[in-house]
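What follows is a single structure, written as C-alpha cells, with notes after it.
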Amino acid sequence: MSTKNSKNYSNESVKEYYHSTGLYDSIIYKKNKTNQNLSKEEIIENLLLKNKKLSNKVTGTNKKIILSNKNYKSKIMVLGDMPSQKDIDNNELFSDDSGELLTKMLGAISIDSSQVYLANIIPFYLTKEEGKNIKKYNSLLRKIVHEHISVINPETILLLGSFALQTLFGEEYSIAKNRGQWLSYSAANNSINIIPSFHPTFLLKQPSQKKKSWEDLQELQKKLNNA
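Right, dumping it as C-alpha cells:
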C-alpha cells in the first residue's frame with residue numbers, strides 16, 4: 007500500500023495499519039512540514055505522537071503521557087521536569103504534595119494555578135533506572151520541548167528545577183547559579199521571558215530554600231505587573 011495514497015482511506019482498519027507500521031507518524035510529520043496552517047489541536051496531536059516515540063526509545067514501552075492541563079490560551083507556562091507516579095495515576099499534573107505547594111506558591115503572588123499552562127519537559131513518568139537513558143536522547147527531547155513551547159507561545163515561563171533549565175539552556179546552567187534571573191528563549195518568532203526557580207519537590211525536602219523561592223516568585227510578580 008502506497009503512503010502517497012493514504013489520504014484516500016478513512017476507515018479505522020486502514021488507520022490501524024498505518025499506526026502499526028509507523029507510517030501514520032511519517033504521514034503526519036510530512037504534513038506538518040508542508041502545511042503551515044495546522045490548527046493548535048493538530049500540532050498538539052503530533053506532539054503526543056512524538057512523545058510516544060520518545061517513550062519507546064527511552065523505556066522500550068508506551069508510557070502513559072500527560073502533556074499538559076490543556077489551558078492552551080494561558081500566557082503563563084509553568085514547566086517542570088516530569089509527572090510523578092501519582093500524577094499518572096490521577097491523570098492530572100501536579101496532583102501530589104508538590105502540586106499542593108505549587109498552588110500555594112502561585113497563590114502567594116495572586117496567580118490561580120488552574121489558570122496557568124502546566125506542563126513538564128518529559129510528559130511521562132520515568133523510574134530512576136529508565137531516567138539513566140534520557141541523556142542519549144537530549145537532542146530529540148529539546149526539539150520536542152521547543153515545538154511544545156512554540157505552539158503554546160506563552161509570554162512568561164516559570165521553569166522549575168535544574169533538569170528543565172538545562173534541557174532548554176544547556177548543562178552550564180544550574181538552579182543554584184541562575185535561579186531568579188530572567189533568561190530569554192526564542193520560540194515562535196518571539197522572545198519568551200523565563201525565570202528559573204526551585205521545583206516544589208525540592209522545596210519539600212529542603213524547606214530552608216523557600217525564602218529564595220519566594221524571592222523568585224516576587225520577581226515573577228513584578229514582571230507580570232509591568233507587562
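Going from the sequence shown to the numbering used here is simple: count from 1 and add 6. Glycine included, each C-beta is placed from N, C-alpha and C at the ideal position.
**Q.** G113 - containing beta strand (DSSP E), residue span
**A.** Here residue 113 corresponds to residue number 107 of the sequence shown, with the count starting at 1. It is not in any beta strand (DSSP E) - G113 instead sits in the alpha helix (DSSP H) that spans D103 to G113.
Q: Can you say whether P213 is buried or exposed, counting buried as having 16 or more other CB atoms within 10 angstroms of its CB?
A: Within the sequence shown, residue 213 is the residue found at index 207, counting from 1. Of the other Cβ atoms in all chains shown, fewer than 16 fall within 10 Å of the Cβ of P213; this residue is therefore exposed.
**Q.** Straight-line Cα distance separating Y123 from K58
**A.** By one-based count along the sequence shown, residue 58 stands at place 52. By one-based count along the sequence shown, residue 123 stands at place 117. Taking the straight line joining both Cα atoms gives about 21 Å.
Q.
Using a 10 Å radius around the Cβ and a threshold of 16 neighbouring Cβ atoms, would you call Y78 buried or exposed?
A. As a first step, residue 78 is located in the sequence shown; it is residue number 72 there, counting from the start. Y78 counts as exposed, since fewer than 16 other beta carbons sit within 10 angstroms of its beta carbon.
Q: Would you check if the distance between the CB atom of D102 and the CB atom of G167 is smaller than 8 Å?
A: Here residue 102 corresponds to residue number 96 of the sequence shown, with the count starting at 1. Here residue 167 corresponds to residue number 161 of the sequence shown, with the count starting at 1. Cβ distance not < 8 Å, so D102 and G167 don't count as in contact.
Q | Residue(s) in a DSSP beta bridge with M83 | A | Counting from 1 along the sequence shown, the entry for residue 83 is found at position 77. Partner(s): Y123 and I163.
Q | The beta strand (DSSP E) enclosing L189, as first and last residue numbers | A | Locating residue 189 in the sequence shown gives position 183, counting from the first residue. From DSSP, the beta strand (DSSP E) with L189 extends over L189 to A193.
Q) Do you know how far the Cα of P160 is from the Cα of K149? A) In the sequence shown, counting from the first residue as 1, residue 149 sits at position 143. In the sequence shown, counting from the first residue as 1, residue 160 sits at position 154. Rounded to the nearest angstrom, the two C-alpha atoms are 17 Å apart.
Q: List the endpoints of the continuous beta strand (DSSP E) containing N199.
A: On the sequence shown, residue 199 is found 193 positions in, with the first residue counted as 1. Element bounds for N199: N196 to S203.
Q.
Rounded to whole angstroms, what is the Cα-Cα separation between L85 and S104?
A. In the sequence shown, residue 85 corresponds to position 79, counting from 1. In the sequence shown, residue 104 corresponds to position 98, counting from 1. Rounded to the nearest angstrom, the gap between the Cα atoms of L85 and S104 is 13 Å.
Q.
How far does the alpha helix (DSSP H) with N97 in it extend, from its first residue to its last?
A. As a working note, residue 97 is residue 91 in the sequence shown. Bounds of any alpha helix (DSSP H) do not take in N97, whose DSSP letter is neither H nor E.
Q.
Quick check: the Cα distance between E153 and N232, rounded to an integer number of angstroms?
A. As a working note, residue 153 is residue 147 in the sequence shown. As a working note, residue 232 is residue 226 in the sequence shown. If you take the alpha carbons of E153 and N232, they lie about 28 Å apart.
Q: Answer yes or no: do N196 and W188 have a C-beta to C-beta separation smaller than 8 Å?
A: On the sequence shown, position 190 is the one that residue 196 refers to. On the sequence shown, position 182 is the one that residue 188 refers to. Taking 8 Å as the cut-off, the beta carbon of N196 is found no closer than this to the beta carbon of W188.
Q: Could you say which of L210, G137 and K56 lies nearest to V64 if we only look at CA atoms?
A: Position 58 of the sequence shown, counted from the first residue, corresponds to residue 64. Minimum Cα distance to V64 is reached at G137.
Q.
So, with DSSP's three-state summary, where would you put I74?
A. As a working note, residue 74 is residue 68 in the sequence shown. According to the sequence provided, residue 74 is Ser. The question's Ile does not apply to it. The answer is strand: DSSP assigns S74 an E or B state.
Q: Just mark A193 as buried or exposed, buried being the case when its beta carbon has 16 or more other beta carbons within 10 Å.
A: Here the question's residue 193 lines up with position 187 in the sequence shown. So A193 ends up on the buried side.
Q | With 16 other Cβ atoms within 10 Å as the buried cut-off, status of Y54 | A | The residue labelled residue 54 in the question sits at position 48 within the sequence shown. Note that residue 54 corresponds to Leu in the displayed sequence, not to Tyr. The residue in question, L54, is exposed, as its Cβ has fewer than 16 Cβ neighbours within 10 Å.
Q | C-beta atoms of R185 and F204 nearer than 8 Å | A | The residue you call residue 185 lines up with position 179 of the sequence shown. The residue you call residue 204 lines up with position 198 of the sequence shown. In contact: R185 and F204 (Cβ atoms closer than 8 Å).
Q) What three-state label does DSSP hand P89 in the structure shown? A) Residue 89 sits at position 83 when you count from the first residue of the sequence shown. Correct three-state label for P89: coil.
Q: State yes or no: is the C-beta of V151 within less than 8 Å of the C-beta of L174?
A: Within the sequence shown, residue 151 is the residue found at index 145, counting from 1. Within the sequence shown, residue 174 is the residue found at index 168, counting from 1. Pairing V151 with L174 gives a Cβ-Cβ distance under 8 Å.
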